Every structure is written in C-alpha cells, then in structure tokens.
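To keep things clear, I will list the structure first and then write my remarks on it.
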C-alpha cells in the first residue's frame, strides 16, 4: 500500500487500492464502497470496448440517473472516450443538433423519444451491475491532457457550444480551491446540482480527489429530507434552493451537521445569506463559468448595499478587469476550447485571456459581479444591468426568484420587464414598484412586473434568460 496519487492515475482506482471499503457513494439507504464503484466502472468500460466504442469517440449521456452518470464518466476517463452529458429533458431536435455539432455517434441510454428517423446513432447497452466487488490489483493509467469531456453550454446567445476540458482542468480546479472548501475523508457532499452542468461535475471531482462521500440527490424527496437522512457536511446551492430550505424556520445547519454551503448560479440575496449564516453554517459565494471548469473566485461574502461579493481569486486562476470593467480570465483551469465538427476552436485572445462577457468590480480584494455586457438594457438612453434590478427584487421577502429582460420599444429603446416567482404564488405589482422606488433609480424600475410563466423556465441550475426573453417579446 502507500501508492502515490498522481494526475496520471484514475483517482477512484487509487482509492479502491488504498481504502477499498471506504464508502464513496450513498444513495438513499444504500452505501457503495470505493471497490464496488471501481468494479462497476470496469464493467462499463468493458461493455464500451465490446460494443465498439473507441478512444476519441463522443459518448452522449442522456440520463438523470446520477449513479450511472458517475460510472460512465469514470469509464470514459479510463478509456479515452469523450464524456458528453446532456440534459435528457431537452427538445429532441436540440439534442440531435448538438450531436451533429460534436459529431457524436454513440448515445446512452436509448431515448424512447428518438423515432425511426434517427438512424445515425449507436446505442450503448449498459451491463447489469455486479453485486460483489472485484478487488483491483494495480493502478489505472490515464492521459490527463487529452479531451475528457464536452459540456454543453448556450451562454446567453442560445446557440449551443461544447466546452472541452481535460482531466488536468478539473484537477487544478479542485486543488486550487482545497484551502477554501476544506473537504476531507470524513466529509460528505450532496449532489444537489445536475451532472450535465459543470458545477455538478465539480462536486464529483472534489469528492473523488478528497476521498469524500457523495450523497446522491433524489429530487422527489427535497433537500431537507436528505439532510435529515444522511450527514451532509457540504452543500452546493443556488439562490432558490437556499430560499426554499430556509422557509422552514426550524432548520439548524449546525444540528444537521452542515458546515459549508457553496452558493452560486448568479444573483443572490444578501439577506438570505445572512439568514443562513445565523443558522450556524459557513456560506461561501462563488463566481464561475463552464469555460473555467467551475469556480474562479470563492469566499466568505462581503455586503455593499444590496450587492454581495463572489469571493477572491482561487489558486491556478487569474482574473483581470479591463478599463470597461470587463472580466477576463486564464489559468490551468481554462478549457481547451470549443469543440465543433471534430476540431477545437480557440477561445482566448493573443495574450491567452478568455473574455467572459461579464462585468465586475474589485472591492477590498473581492470581486463583485455587475452583470453581463450582452444582457444590458438601454432604456431612454440609460444603461441598465438587469442583474442589479434582480438583486434588489430578491431583497424583498416575498420574492423567491427574479429575471429581468429588455423588450424593444421604438420610442424608448428597450423597456425592462421583470418576471418574479413569489413566495405564495400571488403578486401585487404596484406594491412591488413602490418598494423598488426607495431602493433603485426611478428609470430602473421595471415597466411591468409579472409572475413566472407556467412553463419549465430553468436551464441547468438557473432560469433561462433566453426563454424569458422570447416569452417577453411575444407578450409585450
């Protein structure tokens, strides 16, 4: 024993060799050891080889089953197959077009909604998982520099992009945040974010490298039931998830064993963060993006007015603001590029910086995100960041979630429209506008404030701004 862990060996196999009985995954009442998970990964890898999937092939994974997703990801890592997780709830045509973009021929599992006209695909058949683990005898060597995964992201344009990462990107993303996240062998992280999103995958890599337990999330049960059933020390949440959790005044994070909450996914409420802190948990806000393999900045939040900081720069990352407050990033976590039609497209300028499209401001060593350049609303000649209005709306106790978009007007340029999700499902627009009048400039008060439409408005971990934009253009 005592083998050295390196970036050229599979982290799960290392754990299976060193601590074979260590519980690495918990799903409901079932617990799975490192050696059993390793056995399943070997099974899936052998099934891929037997069915003709070879290194460099793109395997599109279409499942909400977190356990299968984790096993497939590790099987791909070991075999050199490119892991391509996609939200299976997406429109069939959108999935098909994305497969064309990345030239994928392999899908898993079989999608019933793919009719006979989709004949260009091969479907990977998964084996029945063994009940008895097989003890491994040697490390599994991997190539950490080749493309490991393609993560689908639409940014703010709605046009699909496939962001290519290698294992080194994810490795440095984890080790560069170790001192901040303090995750160890005895800890457990709830997989509360989707694994087709980089923030969800980041939890898996953190746990594998720290040898911490992953708690598989069952959406039908809700967050609180998971915290009551298992000892969860670390949580990744977005604003709405934290809001729903804190609706129960009896929640006490210290009693539940939760020590750390990583809060991301866009605009967050300062009052909500303070309320969570008062319940005995360390809340860390974060700024990240798919192109940087998840986190760029993380830290204990600082409050300036309604604004909440998104932490300080982490190791192995660099962040720079230009004269227009545009955020540019680089570092060892920066993705390899965008994958399109079999080739990698460069995503940096000549100095190696990736232009995020976000605007920010430094204050006492912490980054405050002002919004995105391409979200800017120009109303009566005034520039409005919709994120600023969203931030103030979230400070109102009756508002759970908010999205602000601009609708073209011949006379006014663009008019800001606010969509909100309220605590009780009702809305008094006049009262909301009166509350905003004392908090933001008059020209920033939305022209109209309406409830969320009765459709699925989320894309990944946060509301889809493109969907709200299209909805507003049809409605106003």
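Numbering (this note's numbering), first residue to last: 4 to 479.
Where is the CB? At the ideal position from N, CA and C, for every residue including glycine.
Quick caveat, the model's predicted, so the values are computed rather than measured.
Where the alpha helix (DSSP H) through residue i begins and ends
i	result
residue 111	Residue 111 -> not in any alpha helix (DSSP H); beta strand (DSSP E) instead, spanning 109 to 111.
residue 395	389 to 397
residue 291	Here residue 291 belongs to no alpha helix (DSSP H); instead the beta strand (DSSP E) covers 285 to 292.
residue 437	432 to 440
residue 277	273 to 281
residue 227	226 to 232
residue 257	256 to 259
Rounded straight-line distance, which links the Cα of residue j to that of residue i
i	j	result
residue 297	residue 218	20 Å
residue 49	residue 233	33 Å
residue 159	residue 267	Confidence in residue 159 is poor, its pLDDT being 48 and thus under 50, which makes the residue's placement too unreliable to answer from.
residue 301	residue 474	33 Å
residue 412	residue 403	29 Å
residue 55	residue 102	18 Å
residue 362	residue 324	8 Å
residue 200	residue 155	8 Å
residue 359	residue 285	28 Å
residue 1	residue 406	The requested residue 1 is not part of the displayed model; the chain covers only 4 to 479.
residue 344	residue 106	6 Å
residue 364	residue 374	10 Å
residue 381	residue 46	56 Å
residue 3	residue 181	There is simply no residue 3 to check, as the chain begins at 4 and stops at 479 in what is shown.
residue 431	residue 164	39 Å
Own chain, CB closer than 6 Å to residue i, minus 5 neighbours either side, in chain order
i	result
residue 346	none
residue 44	74, 77, 78
residue 304	276, 288, 311, 312
residue 472	408
residue 269	465
residue 136	38, 39, 42
residue 175	319, 335, 336
residue 271	242, 311
DSSP-derived helix/strand/coil call for residue i
i	result
residue 199	coil
residue 206	helix
residue 365	strand
residue 455	coil
residue 411	strand
residue 168	strand
residue 471	helix
residue 13	coil
residue 373	strand
residue 155	strand
residue 178	helix
residue 47	helix
residue 190	coil
residue 80	helix
residue 358	strand
residue 295	helix
residue 421	strand
residue 479	coil
residue 54	coil
residue 266	strand
residue 19	helix
Residue range of the unbroken beta strand (DSSP E) whose run includes residue i
i	result
residue 101	Counting along the chain, residue 101 falls outside any beta strand (DSSP E), though it belongs to the alpha helix (DSSP H) covering 95 to 105.
residue 382	380 to 382
residue 35	33 to 36
residue 86	85 to 88
residue 237	237 to 241
residue 324	320 to 324
residue 343	340 to 343
residue 61	61 to 64
residue 335	Element bounds for residue 335: n/a, residue is neither H nor E.
residue 219	216 to 219
residue 29	26 to 30
Close Cβ partners of residue i (< 7 Å) along its chain, the five nearest in sequence each way excluded
i	result
residue 145	11, 12, 13, 80, 81, 170
residue 149	83, 169
residue 41	15, 16, 19, 139
residue 23	36, 37, 38, 138
residue 204	198
residue 279	245, 249, 264, 286
Close Cβ partners of residue i (< 8 Å) along its chain, the five nearest in sequence each way excluded
i	result
residue 436	448, 449, 452
residue 243	403, 404, 424
residue 321	332, 333, 334
residue 89	63, 64, 65, 98, 101, 155, 199
Neighbour flag for residue i against chain C, beta carbons, 9 Å
i	result
residue 35	In the displayed structure, chain C is absent; only one protein chain is listed.
Contact test: residue i Cβ vs the ligand COA heavy atom, cutoff 8 Å
i	result
residue 292	Among the components of this structure there are no ligands whatsoever, and the ligand COA is therefore not found.
Check: At a cut of 8 Å, does the segment 385 to 394 reach the segment 326 to 338 through at least three beta carbon pairs?
Finding: Touching, no, given that fewer than three Cβ pairs across the two stretches are closer than 8 Å.
Q. Should the segment 178 to 196 be called in touch with the segment 204 to 213, which here means at least 3 C-beta pairs below 8 Å?
A. Yes, the segment 178 to 196 is in contact with the segment 204 to 213.
Are the segment 54 to 63 and the segment 21 to 29 in contact at 8 Å, needing three or more beta carbon pairs? With fewer than three CB-CB distances shorter than 8 Å, the segment 54 to 63 does not count as touching the segment 21 to 29.
Spell out a yes or no on whether the segment 249 to 267 and the segment 224 to 231 are touching, meaning 3 or more CB-CB pairs, one atom from each, closer than 8 Å.
-> With the cut-off at 8 Å, the segment 249 to 267 and the segment 224 to 231 touch.
Is there contact between the segment 232 to 247 and the segment 189 to 196, where contact requires at least three CB pairs shorter than 8 Å?
Contact between the segment 232 to 247 and the segment 189 to 196 is established, with three or more Cβ pairs separated by less than 8 Å.
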